[in-house]
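So the structure is just underneath, and the comments pick up after that.
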Amino acid sequence: MKSFLLKSYFFLFVVFAIFSFVLTDPNLTLLNLNFFVSLQTYLWQHVLPLQNFRTIFYGVLITLIFINYLLILKNWHGLKLDVRQNFWKFLIIVSLPLIFSYNALSHDLFNYIFNAKMIIEYGANPHVQTAINFPNDPMLRFMNNIHTPAPYGYGWTTLSLLPYLAGLGKFLSTFIVFKLFAFLSLILALLISEKFFKKANYFKLALFFLNPLLLIEILSSAHNDLWMLAPALLAVYLATNLQKKKIFKIILIAVLLTVSISIKFATIVLLPLIIYLALKNRLGRLGKFPTYDLMALAMFAPLLTERSKQFLPWYLLWSLIFLPLIKNKFLRNLLIVFSFSSLLRYLPWMYYLPWMSFHLDSSSLESLQKAITWLIPSFYLLLSATFFLFNRRSEK
Numbered sequence: 276m277k278s279f280l281l282k283s284y285f286f287l288f289v290v291f292a293i294f295s296f297v298l299t300d301p302n303l304t305l306l307n308l309n310f311f312v313s314l315q316t317y318l319w320q321h322v323l324p325l326q327n328f329r330t331i332f333y334g335v336l337i338t339l340i341f342i343n344y345l346l347i348l349k350n351w352h353g354l355k356l357d358v359r360q361n362f363w364k365f366l367i368i369v370s371l372p373l374i375f376s377y378n379a380l381s382h383d384l385f386n387y388i389f390n391a392k393m394i395i396e397y398g399a400n401p402h403v404q405t406a407i408n409f410p411n412d413p414m415l416r417f418m419n420n421i422h423t424p425a426p427y428g429y430g431w432t433t434l435s436l437l438p439y440l441a442g443l444g445k446f447l448s449t450f451i452v453f454k455l456f457a458f459l460s461l462i463l464a465l466l467i468s469e470k471f472f473k474k475a476n477y478f479k480l481a482l483f484f485l486n487p488l489l490l491i492e493i494l495s496s497a498h499n500d501l502w503m504l505a506p507a508l509l510a511v512y513l514a515t516n517l518q519k520k521k522i523f524k525i526i527l528i529a530v531l532l533t534v535s536i537s538i539k540f541a542t543i544v545l546l547p548l549i550i551y552l553a554l555k556n557r558l559g560r561l562g563k564f565p566t567y568d569l570m571a572l573a574m575f576a577p578l579l580t581e582r583s584k585q586f587l588p589w590y591l592l593w594s595l596i597f598l599p600l601i602k603n604k605f606l607r608n609l610l611i612v613f614s615f616s617s618l619l620r621y622l623p624w625m626y627y628l629p630w631m632s633f634h635l636d637s638s639s640l641e642s643l644q645k646a647i648t649w650l651i652p653s654f655y656l657l658l659s660a661t662f663f664l665f666n667r668r669s670e671k
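Note that the numbering used here has the sequence shown beginning at 276, numbered continuously upward.
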């Protein structure tokens, strides 16, 4: 039964990977091989038009993946994943189908590729010019956001040149290299997270690194958020252990945080808490606040700014990365519930699919997404409060 949980987790992600190709843009053929073209054509003709089926299938699949994730955590001690070699091996195996899946839930990956292409091939600045300025480029046929300049920092634009150059100018190889580059960010984040424990606690690490939201958003959608979070997390680690070689470490912390902010600006909110961590040993009683819990909460703050516009599922990773370090069990559980509701947020989008539903009224799409995102955690809060009050009365 317990080994079945590991196999079923892998199998469910294989199913997700296959399902992802249902949502391949009609103007894009990734691979010109007969078997793949036949599969892609079948999915387009027989699954994509089934509006209710694809929506229900996605919802059920995500629910099963999360149940499997929770069962792995519940049966942790019998799975032998607390051994480093076993944990890493399982993470890599589970990652494989997602690396080779289609980025069904987000087109950001295409923007990463095209922004790098603008620099290398067109000599243009993606922070000034937009994709629509290059109307003859074939990538515009399947890109979504072609009217706005790059929303990320120059750090990410520079970093993205590496996988683009490694792709050797071929779209498919560049697509795969960007996916592998996202996987590399996951590996770096795990290596850094291990440092926070004298003896790595892989149960706590699994809370984040086996979380379905992380795996899908980073490996399938290939979002760049871990490239922002990894250097910030290393800065947090160095600030936590700031005893010897202070000047060098302080400079390194500043450099790491600058790199992080240059990729995406969200981690700037960690600056005061990193300073607090560095001074913690000198503050007496004031140095006993649960800093990592506060960091997880602080990373919600950028979502309330005008720049973020709206909550997007992968933004939750900014808080989730602190899951292995959070002391408050309630906060930890709440974030896990949020990760579930964040993936279910795609349900209304899955139903409408912009290029399939021109005849439908999608004005309520954003409202439905917000309702799903926040109502499920709200229900958890209500349920937790009810149990808490019931237990208090029972004790009396």
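Every residue gets a Cβ at the ideal spot worked out from N, C-alpha and C, and that includes glycine.
Every value quoted in this text rests on a predicted model; they were computed, and no experiment measured them.
{"Check": "Unbroken stretches of the alpha helix (DSSP H), 4 residues or longer, contained in the segment 541-611", "Outcome": "546-554, 566-573, 592-595"}
{"Check": "Environment of tyrosine 317 [buried if 16+ CB atoms lie within 10 Å]", "Outcome": "exposed"}
{"Check": "Closest Cα partner of serine 569 within the set Phe586, Arg557, Gln585, Trp593", "Outcome": "Note on identity: in this sequence residue 569 is leucine, with serine being the wrong assignment. Among Phe586, Arg557, Gln585, Trp593, the Cα nearest to that of leucine 569 belongs to Trp593."}
{"Check": "Backbone secondary structure at glutamine 404 - three-state DSSP", "Outcome": "coil"}
{"Check": "C-alpha distance - leucine 480 paired with tryptophan 363, whole-angstrom precision", "Outcome": "11 Å"}
{"Check": "Through-space distance from isoleucine 611 to leucine 598, alpha-carbon basis", "Outcome": "9 Å"}
{"Check": "Backbone CA spacing between phenylalanine 665 and leucine 658 [nearest angstrom]", "Outcome": "11 Å"}
{"Check": "Nearest-angstrom Cβ-Cβ length linking alanine 425 and asparagine 390, presumed shorter than 8 Å", "Outcome": "5 Å"}
{"Check": "Alpha-carbon to alpha-carbon, tyrosine 439 and leucine 447", "Outcome": "11 Å"}
{"Check": "Inter-residue spacing [alpha-carbon to alpha-carbon] between leucine 548 and isoleucine 522", "Outcome": "19 Å"}
{"Check": "For lysine 539, three-class secondary structure by DSSP", "Outcome": "coil"}
{"Check": "Cutoff 7 Å; reference alanine 406; Cβ partners in own chain excluding five residues on either side", "Outcome": "Phe389, Leu415, Met418, Ile421"}
{"Check": "Three-state class that DSSP yields for arginine 329 in the structure shown", "Outcome": "helix"}
{"Check": "Rounded straight-line distance, which links the Cα of proline 652 to that of valine 369", "Outcome": "27 Å"}
{"Check": "Backbone secondary structure at valine 530 - three-state DSSP", "Outcome": "helix"}
{"Check": "Three-pair Cβ contact test at 8 Å for the segment 375-383 versus the segment 503-510", "Outcome": "no"}
{"Check": "Exposure of alanine 660, with buried meaning 16 or more beta-carbon neighbours within 10 Å", "Outcome": "exposed"}
{"Check": "DSSP three-state assignment for serine 617, whether helix, strand or coil", "Outcome": "helix"}
{"Check": "Which of helix, strand or coil DSSP assigns to lysine 470", "Outcome": "coil"}
{"Check": "Cβ pair leucine 287, isoleucine 347 closer than 7 Å", "Outcome": "no"}
{"Check": "Whether tryptophan 589 touches asparagine 499 by CB criterion (7 Å)", "Outcome": "no"}
{"Check": "Histidine 321, enclosing alpha helix (DSSP H) - first and last residue", "Outcome": "309-321"}
{"Check": "As assigned by DSSP and simplified to three states, the class of leucine 306", "Outcome": "coil"}
{"Check": "Residue range of the alpha helix (DSSP H) that includes asparagine 420", "Outcome": "Asparagine 420 -> no alpha helix (DSSP H), and no H or E assigned at all."}
{"Check": "Sufficient close CB pairs (3 or more, under 8 Å) joining the segment 283-297 to the segment 323-340", "Outcome": "yes"}
{"Check": "Inter-residue spacing [alpha-carbon to alpha-carbon] between histidine 321 and alanine 571", "Outcome": "43 Å"}
{"Check": "Distance, proline 413 Cα to isoleucine 491 Cα", "Outcome": "27 Å"}
{"Check": "Short Cβ contact (7 Å threshold) for leucine 465 with phenylalanine 453", "Outcome": "no"}
{"Check": "Where the alpha helix (DSSP H) containing isoleucine 293 begins and where it ends", "Outcome": "277-295"}
{"Check": "Rounded separation between tyrosine 627 and isoleucine 596 - CA only", "Outcome": "31 Å"}
{"Check": "Proline 410, DSSP secondary structure in three states", "Outcome": "coil"}
{"Check": "Under the three-state DSSP convention, the category glutamine 518 falls into", "Outcome": "coil"}
{"Check": "Burial state of valine 534 (16 or more Cβ within 10 Å)", "Outcome": "buried"}
{"Check": "Coil, strand or helix - phenylalanine 642 by DSSP", "Outcome": "What sits at residue 642 in the sequence shown is serine, not phenylalanine. It is helical."}
{"Check": "Residue closest to leucine 601, alpha-carbon to alpha-carbon, out of Ala646, Asn476, Ser537", "Outcome": "The question names leucine, but residue 601 is isoleucine in the sequence shown. Selected option, being the one with the closest Cα: Asn476."}
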